[in-house]
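In my numbering, the protein residues as written are 378 to 527.
A virtual CB, placed ideally from N, CA and C, is assigned to each residue, including glycine.
Keep in mind it's a predicted model, so treat the numbers as computed, not measured.
Report on one structure; see the data block that follows.
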């Protein structure tokens with residue numbers, strides 16, 4: 378008999394609260410692995426990301442007119458930028474009709490930063506097919522219900 382999986386609910390948002398994220402991840406212990414992306418955009422925004430393929434995310438936007446979705450490089454991911462406060466709390470990617478995400482740990486509201494185990498990540502030169510396969514394997518799938526207004 379298997380023990381039921383327990384989940385940890387984490388809340389995050391941009392600075393002004395227009396973009397809110399709920400991230401349910403399996404509770405795998407006291408530390409959470411996070412990735413400091415080495416791309417130019419993430420370096421400029423101090424992007425440090427986490428995900429878990431066994432978890433779920435829910436994205437809620439109060440005013441969609443104040444959110445810019447920015448794509449660059451392979452143009453396969455949407456960086457959700459709040460145009461009011463400038464914070465990027467989440468990046469999403471749609472693969473074969475399903476949406477996956479990584480969440481910016483700097484947007485977390487209820488996580489002790491000492492619990493984060495940061496490692497560098499560099500995906501420069503990765504083919505688009507390999508990139509999408511990695512995201513499907515490692516990123517967090519969306520909970521049913523999708524993005525909705527406040």
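Among residues of its own chain, excluding the 5 on either side of residue i, which ones have a beta-carbon nearer than 6 Å to its beta-carbon?
i	result
residue 435	399 and 520
Go ahead and label residue i buried or exposed: buried means 16 or more other beta carbons lie within 10 angstroms of its beta carbon, across all protein chains shown.
i	result
residue 527	Only weak support exists for where residue 527 lies, its pLDDT of 46 falling under 50; the coordinates are left without a value.
residue 456	buried
residue 432	buried
residue 491	exposed
residue 510	exposed
residue 441	exposed
CB residue i to CB residue j, shorter than 7 Å?
i	j	result
residue 438	residue 387	no
residue 478	residue 469	yes
residue 413	residue 495	yes
residue 382	residue 407	no
Leaving aside the five residues before and after residue i along the sequence, list all residues of the same chain whose C-beta is less than 7 Å from its C-beta, in chain order.
i	result
residue 505	451 and 453
Could you pull out every residue in the same chain whose Cβ sits closer than 8 Å to the Cβ of residue i, ignoring the five residues on either side in sequence?
i	result
residue 516	428, 430, 470, 477, 478 and 479
residue 409	402, 427, 482, 488, 492, 493 and 494
residue 384	401, 402, 403, 404 and 432
When you compare the stretch 414 to 426 with the stretch 387 to 405, are there three or more beta-carbon pairs, one atom per stretch, that lie closer than 8 Å? no
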